[in-house]
Amino acid sequence: MIGEMAQEMISWVDAVRNLGLWGAAVFGVFFLLATLALVPASPLTAIAGFLYGPIWGTLLISPVGMLSAVMAFGIGRSVARPWVQRYLACHPRMAVVDRTVERGGFRIVFLLRLASIIPFAPLSYVLGASRVSGHSFAVASWLGLLPGTFLYVYLGSLASDIGDILSGQAASGEGVRVMTWLSLGAGMMVILILARSARAAVNQSINSDEPTK
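What follows is the structure, encoded as structure tokens:
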């Protein structure tokens with residue numbers, strides 16, 4: 000199965016490469032539509048590195064990835080947010096968490112992107128349903144995604160063929176280990192920030208509900 004898929008991908012990649020600049024546009028559109036459809040972004044990012052090298056691959060994927068994230072965020076906000084608001088109206092404790100995400104929006108989004116705790120597109124959809132501002136989401140996502148984007152593009156540029164990328168053999172080395180530990184650290188920071196902010200919000204809510212003497 001992997002062999003057949005690899006052969007199809009090799010043929011497609013060769014066709015895209017032969018198109019030159021138009022091929023980069025085709026790949027960009029494919030990346031955009033595929034990630035919106037919840038196809039994992041990491042192997043596609045590595046393929047961009049295989050096709051265009053670490054620098055041009057990053058320059059291609061970074062803006063296209065941002066466009067995909069912003070579009071998914073918009074879909075999540077327009078489709079899911081009204082339902083979330085109705086749910087929060089009936090669950091005040093969850094509303095506290097929602098307000099916490101809004102207040103710490105930039106920092107939380109940046110760390111979530113850096114940590115890659117939630118896959119690329121699902122995180123964009125979920126954050127679209129939250130109260131985080133669109134500006135904070137866009138800037139924090141761009142900055143948080145850059146290190147991982149460059150890493151996967153670079154690893155893809157080192158691959159000997161598409162089969163290595165599809166099998167996961169390209170995702171190895173010291174860079175991946177460093178990124179893994181960095182992701183774990185960022186993930187822990189997200190948990191601590193959410194816990195501390197939520198605790199403060201709950202205490203504030205309790206104090207505001209207390210009758211004045």
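So for the sequence shown, numbering that gives the first Met the number 0 puts the first residue at 0; every next one is plus one. Backbone N, C-alpha and C fix where the C-beta goes; we use that ideal spot for every residue, glycine too.
Under 8 Å, do I46 and G155 count as touching if we go by C-beta distance?
-> Residue mapping note: residue 46 aligns to position 47 of the sequence shown, counting from 1. Residue mapping note: residue 155 aligns to position 156 of the sequence shown, counting from 1. Cβ distance < 8 Å, so I46 and G155 count as in contact.
If you count every other CB in all the chains shown that lies within 10 Å of the CB of R130, and 16 or more means buried, which is it?
-> Along the sequence shown, one-based indexing puts residue 130 at 131. With 16 or more other Cβ atoms within 10 Å, it is buried.
Alpha-carbon spacing of V38 relative to R102, whole angstroms | Looking up residue 38 in the sequence shown gives position 39. Looking up residue 102 in the sequence shown gives position 103. Cα to Cα, V38 sits roughly 31 Å from R102.
Determine the extent of the alpha helix (DSSP H) in which S61 is found, giving its start and end residues.
-> Locating residue 61 in the sequence shown gives position 62, where the first residue counts as 1. For S61, the uninterrupted alpha helix (DSSP H) segment begins and ends at A40 to I74.
Counted within 10 angstroms of its Cβ, other Cβ atoms place V78 as buried (16 or more) or exposed = Within the sequence shown, numbered from 1, the residue matching residue 78 stands at position 79. Per the 10 Å Cβ criterion, exposed.
Alpha carbon to alpha carbon, how far is L59 from G27?
-> Residue 59 sits at position 60 when you count from the first residue of the sequence shown. Residue 27 sits at position 28 when you count from the first residue of the sequence shown. In this model, L59 and G27 are separated by some 7 Å (Cα to Cα).
Cβ neighbours of L18 in the same chain (closer than 7 Å, five flanking residues each side left out) | Counting from 1 along the sequence shown, the entry for residue 18 is found at position 19. Correct list, in chain order: V25.
What residues in its chain sit with their C-beta under 6 Å from that of V63, if we drop five residues either side in the sequence?
-> Position 64 of the sequence shown holds residue 63. Counting only Cβ-Cβ distances below 6 Å, and skipping sequence neighbours, we find G27, F30 and L31.
For I161, does the three-state DSSP call read helix, strand or coil?
-> By 1-based counting over the sequence shown, the position of residue 161 is 162. For I161, the three-state secondary structure derived from DSSP is helix.
Span separating the alpha-carbon of C214 from that of P81 | No answer is possible for residue 214: the residues shown for the chain start at 0 and end at 212.
Segment limits, alpha helix (DSSP H) that includes L31 = Taking the sequence shown and counting its residues from 1, the one referred to as residue 31 is at position 32. Where L31 is concerned, the enclosing alpha helix (DSSP H) stretches over L20 to L35.
By DSSP, does S140 sit in helix, in strand, or in coil?
-> For the purposes of this step, residue 140 is taken as residue 141 along the sequence shown, with counting starting at 1. Here S140 sits in helix by DSSP.
Classify A14 as helix, strand or coil using the three-state DSSP reduction.
-> Your numbering for residue 14 matches position 15 in the sequence shown. Correct three-state label for A14: helix.
Would a check of beta-carbon distances place A23 closer than 8 Å to chain B?
-> Absent from the structure: chain B. Only one protein chain is present.
Under the assumption that V15 contacts G75 (Cβ atoms under 8 Å), give the Cβ distance between them as a whole number of angstroms.
-> Numbered from its first residue, the sequence shown carries residue 15 at position 16. Numbered from its first residue, the sequence shown carries residue 75 at position 76. About 30 Å separates the two Cβ atoms, so there is no contact after all.
Where does the unbroken alpha helix (DSSP H) through I107 begin, and where does it stop?
-> For this step, residue 107 is matched to residue 108 along the sequence shown. From DSSP, the alpha helix (DSSP H) with I107 extends over G104 to A114.
In the DSSP assignment, find the unbroken alpha helix (DSSP H) run with V125 in it and report its ends.
-> In the sequence shown, counting from the first residue as 1, residue 125 sits at position 126. It spans F119 to G127 - the alpha helix (DSSP H) in which V125 sits, taken as one unbroken run.
On the three-state DSSP scale, how would you describe V152?
-> Along the sequence shown, read from residue 1 onward, the residue named residue 152 stands at position 153. In the structure shown, V152 falls within a helical segment according to DSSP collapsed to helix, strand and coil.
As assigned by DSSP and simplified to three states, the class of A83 | Residue numbering aside, residue 83 sits at position 84 when the sequence shown is read from its first letter. For the sequence presented, residue 83 should be read as Val rather than Ala. The three-state secondary structure of V83, taken from DSSP, is helix.
Apart from the five residues just before and just after G143, which ones in its own chain have a Cβ nearer than 6 Å to its Cβ?
-> Along the sequence shown, read from residue 1 onward, the residue named residue 143 stands at position 144. Once the five neighbours on either side are set aside, the close Cβ partners of G143 are F109, R112 and L113.
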